[in-house]
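Asks: Structure incoming, see below.
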Amino acid sequence: MKKIVLSILFFILTTFSYSLVESEFKVIESKNTLDSKNLLLDINTATESDLLKAGISKGYVDKLLEYRDITGGFQKLKDMIRIDGIGKKTFERLKGKFKEVDKVKLKKFNINKVDDKTLIYYGLSKKEIQNIRKYQEQGKIRNNLEIKKIISEKRYEDLKDYIEY
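With our numbering as the guide, the letters of the sequence shown map in order to residues 36 to 200.
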């Protein structure tokens, strides 16, 4: 009986003392620990230094900056896959360093003067690029009606505001 009373008394004392300690101290967490998105980079504004500090290798940093310079920015993180050397596995690794992309306006490009790399960066397939080059053997692409014959309707709709002739 003595053991039961002592056990109950011990339980009451530990419960009461714990609530006293808990009420004396209040844990305050920084917003940075609560919201990990604050720690993620904006792929369209991060500097070379920011990207390197985030642990991205110099080779990938150069490629990301080149893409941004040529196109005007990333419309979605998945656009990284368009960059030579960034496949699905590398993309999965890199995307964890960036927050979702705010809408960015791409730069305009002249369909008759641009190189294949730039066309890939804008999302054209190799087949569409081949069709463009084949068409250009006969002359310049002069207007939207001609480009609509060469690339898919969806691709045209995505790029119509950025293509110049």
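Cβ coordinates follow ideal geometry from the N, Cα and C atoms, glycine included.
(1) Would PHE144 and GLU199 be called neighbours here (beta carbons separated by less than 8 Å)?
(2) Just tell me which of LYS111, LYS88, ARG177 and GLU172 has its CA closest to the CA of TYR157.
(3) Just the C-alpha distance for GLY25 and ILE186, rounded to the nearest angstrom, thanks.
(4) By a C-beta neighbour count over all protein chains shown, 10 Å radius and 16 as the cutoff for buried, is GLY108 buried or exposed?
(5) Which partner residues does ASN145 have in the DSSP bridge list?
(6) Tell me which residue opens and which closes the alpha helix (DSSP H) that PHE126 is part of.
(7) Between LYS132 and LEU180, is the Cβ-Cβ spacing less than 8 Å?
Replies: So, from the data block:
(1) The residue you call residue 144 lines up with position 109 of the sequence shown. The residue you call residue 199 lines up with position 164 of the sequence shown. GLU199 is positioned such that its CB atom lies closer than 8 Å to that of PHE144.
(2) What you label residue 157 is simply residue 122 of the sequence shown in a count that begins at 1. Among LYS111, LYS88, ARG177 and GLU172, the Cα nearest to that of TYR157 belongs to LYS111.
(3) The question about residue 25 has no answer here: the residues shown for the chain are numbered 36 through 200.
(4) In the sequence shown, residue 108 corresponds to position 73, counting from 1. Sixteen is the threshold: when 16 or more other Cβ atoms of the shown chains lie within 10 Å of the Cβ of GLY108, as they do, the residue is buried.
(5) As a first step, residue 145 must be located in the sequence shown, where it is residue number 110. Paired residue(s): GLU199.
(6) To locate residue 126, count along the sequence shown from 1; it is residue 91. 123–130 is the span of the alpha helix (DSSP H), which, as asked, contains PHE126.
(7) Working through the sequence shown from its first residue, we reach residue 132 at position 97. Working through the sequence shown from its first residue, we reach residue 180 at position 145. No, the pair does not count as a contact, with Cβ atoms beyond the cut-off.
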